[in-house]
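All remarks here apply to the structure that follows.
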Amino acid sequence: MAFTDFHEVATSSRNIAGIVQVTLPDDGKTLQLDEWSTYAEWRDDPIGGPIIGNLMRAAAEQDGSALDDPTMQLFMQSMPINSLSMMLGMSNDEIVSSLMGKYRGKAAAASGNK
3 MAFTDFHEVA TSSRNIAGIV QVTLPDDGKT LQLDEWSTYA EWRDDPIGGP
53 IIGNLMRAAA EQDGSALDDP TMQLFMQSMP INSLSMMLGM SNDEIVSSLM
103 GKYRGKAAAA SGNK
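This is how it looks when you write it as structure tokens:
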């Protein structure tokens, strides 16, 4: 989703040289998620949240792990998703490629690109 806005170009607040239109590849407020984004960033993202939530629910149901424990959730907030493999008992490549593939697909659909 592209974000377009007008911005002043200046050398100081008293010397405005002009106004330019700037188009950013997203809304300019959030970064695109990647494998180095933290669990909390994925969880709080409108597209990534449901994706990571489904993965965590499936993992908790599959092996009855402690991933639903609030203390564990607090611990995991600052972990990049490429570190989840040690918690989930899955290969790192499997987790990252699955999450990133789903994220890219949903992000493209949300922006109108298929």
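Going left to right, the sequence shown walks through residues 3 to 116 as the working numbering numbers them. Positions of the beta carbon are idealized from the N, C-alpha and C atoms, including for glycine.
For T40, DSSP records a beta bridge to P82.
Residues of the same chain with a CB within less than 6 Å of the CB of A109, apart from the 5 flanking positions on each side, are I49 in chain order. Between I21 and F8, the CB-CB gap stays under 7 Å. Per DSSP, the beta-bridge partners of G20 are V11. With fewer than 16 other Cβ atoms inside 10 Å of its own Cβ, V11 counts as exposed.
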